[in-house]
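A.B. asks: Heads up: the sequence shown runs through residues 1 to 197, numbered per full-length UniProt numbering.
Backbone N, C-alpha and C define an ideal beta-carbon position, used for all residues, glycine too.
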Amino acid sequence: MAVFSRAFGARRRESDPALPPGQYLTEDFPVLSAGPTPRIDPGEWRFAIRTESGAVTSWSWDEFMALPIEDVHTDIHCVTRWSKLGTRWRGVSLDTLYGHVDSDAAFAMAHSYGGYTTNVPLEDLLGGKAWVAFEFEGEPLDPEHGGPARLLVPHLYFWKSAKWVNGLTLMDSDEPGFWEQNGYNMHGDPWTEERYW
């Protein structure tokens, strides 16, 4: 069962070059989830990367927090047409995590506590484009927004920024995740309105 909240007070600013086509500006941070909100204790959280050969590299919360942390200032865009500008996050770059694995894969499947999945090409996760974020606007990430940690891929529609993320499976070929199997675009670029198939 999906749980959604509406973006009350959203307004259209068609002349704003920061808004992709078809998007509305909101000051809120709407909660949209495909199912109930898992509650994960950071002491039990792990993040793992499984390569195409089956090798697994993983981090506990304490190990993850010992990695280089970056501040991220970015806009976010949801496929449901809301956009939130100038958001502030803290997290660990996927470049840092990927530097610990040996892989020639071109794609990744993100996995979350609760069973959610979404596919992302590696070129959209690396090169300073994606993070595993644990803080939003100076506060620990609320469970409703994916805490204790979520994927942050801000240049793609926000369904690609998997909440409650716990790992990536690296793949040689692209495969659809949860929403992609249900009609969403395999890539999800908001600037070209890659919303659905």
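#1: With a 10 Å radius around its C-beta and 16 neighbouring C-beta atoms as the bar for buried, classify Tyr196 as buried or exposed.
#2: May I ask you to list the residues that DSSP assigns as paired with Met109?
#3: Which residues in the same chain have their Cβ closer than 7 Å to the Cβ of Ser58, if we skip the five residues on either side of it in sequence?
#4: Name the DSSP beta bridge partners of His77, please?
#5: Starting from Ala48, follow its DSSP beta bridges and name the residues at the other end.
#6: Exposed or buried, Asp124, counting other C-beta atoms within 10 Å across all chains shown (16 or more means buried)?
#7: Could you tell me the alpha carbon to alpha carbon distance between Gly127 and Arg39, rounded to whole angstroms?
#8: Where Ala106 and Asp172 are concerned, what is the direct C-alpha to C-alpha distance, given to the nearest angstrom?
#9: Give me, in chain order, the residues of the same chain whose beta-carbon lies closer than 8 Å to that of Glu175; leave out the 5 immediate sequence neighbours on both sides.
#10: Taking three-plus beta-carbon pairs below 8 Å as touching, is the stretch 81-95 in contact with the stretch 62-71?
#11: What are the partner residues of Pro176, as DSSP defines its beta bridges?
#12: With DSSP run on the structure shown, which of helix, strand or coil describes Pro140?
#13: Cβ atoms of Gly188 and Lys160: under 7 Å apart, would you say?
#14: Hey, out of Ser103, Phe158, Thr96, Lys84, whose CA is closest to Ser53's CA?
C.D. replies: Considering the structure as presented:
#1: exposed
#2: Asn119, Thr169
#3: Arg46, Phe47, Ala48
#4: Ser83
#5: Ser58, Gly167
#6: buried
#7: 31 Å
#8: 6 Å
#9: Phe107, Met109, Asn119
#10: yes
#11: None, per the DSSP bridge assignment.
#12: strand
#13: yes
#14: Ser103
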